[in-house]
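Have a look at the structure below, then the notes.
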Amino acid sequence: KEVEAIIKSEAVLIANKSLNEVKQELLERFLFRIRAYKKGMGSKYIVMNAPNSSIPKICSILPGMKSPSILPLAEEGWSSVHSVVQEDQFWDVIDALKDVNAQGILVMNIEKMIL
């Protein structure tokens, strides 16, 4: 439990506008990695099982990155659905998925997300 904040701070990246080509490339690579980390922090990877009859409804609920990944299961008539959900939409999406018969929903943190 936090008792008292002693100091609050933030990191700021400042660059010279006239960087040489090598340093500019390093800066771009660094920024790319920071953005990938930040994008992953606000997202959850979800995996669920669902009857094939529910797949169209599930796909309409899931925002995904492009579209959900759908893999057939060994049990005929069932599939596994994989997608990414933003943290701020997470509980609303989960409630809607349960309403259309999604089962065995697994939720995982995303360490980094490359778009």
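Heads up: the sequence shown begins at 16 in the working numbering, then just goes up one per residue.
Glycine included, each C-beta is placed from N, C-alpha and C at the ideal position.
Note that the structure is predicted; figures quoted are calculated from it, not measured.
Would you mind sorting residue i into buried or exposed? The rule is 16 or more other CB atoms within 10 Å of its CB.
| i | result |
| --- | --- |
| Val18 | exposed |
| Ala20 | exposed |
| Ile61 | buried |
| Val37 | exposed |
Looking at the unbroken alpha helix (DSSP H) that takes in residue i, where does it start and where does it end?
| i | result |
| --- | --- |
| Leu41 | Glu36 to Met56 |
| Pro71 | Ile70 to Ile76 |
| Val108 | Phe105 to Asp114 |
Please name the residue in the options whose C-alpha comes closest to that of residue i.
| i | options | result |
| --- | --- | --- |
| Ser33 | Cys74, Val100, Leu42 and Glu90 | Leu42 |
| Ile120 | Ala26, Asn31 and Asn64 | Asn64 |
| Trp93 | Ala117, Lys81, Arg48 and Ile129 | Ala117 |
With residue i as the anchor, note down where its beta strand (DSSP E) starts and where it stops.
| i | result |
| --- | --- |
| Ile120 | Gln118 to Asn124 |
| Leu86 | Ser84 to Pro87 |
| Arg18 | First, the amino acid is wrong: residue 18 is Val here, not Arg. It is not in any beta strand (DSSP E) - Val18 carries neither H nor E in the DSSP assignment. |
| Ile24 | Correcting the residue identity first, residue 24 is Ser in this sequence and not Ile. First-last for Ser24: undefined, no H or E at that position. |
Determine the contact status of residue i and residue j, defining contact as a CB-CB distance below 8 angstroms.
| i | j | result |
| --- | --- | --- |
| Ser68 | Pro83 | no |
| Lys59 | Ile125 | yes |
| Gln104 | Gly57 | no |
| Val27 | Leu77 | no |
(request) Mind the definition here: the stretch 112 to 119 touches the stretch 69 to 78 only if three or more C-beta pairs lie below 8 angstroms; say whether that holds. (result) yes
(message) Can you confirm whether the stretch 79 to 93 touches the stretch 38 to 56 when touching is taken to mean that 3 or more C-beta pairs between the two stretches lie within less than 8 angstroms?
(response) no
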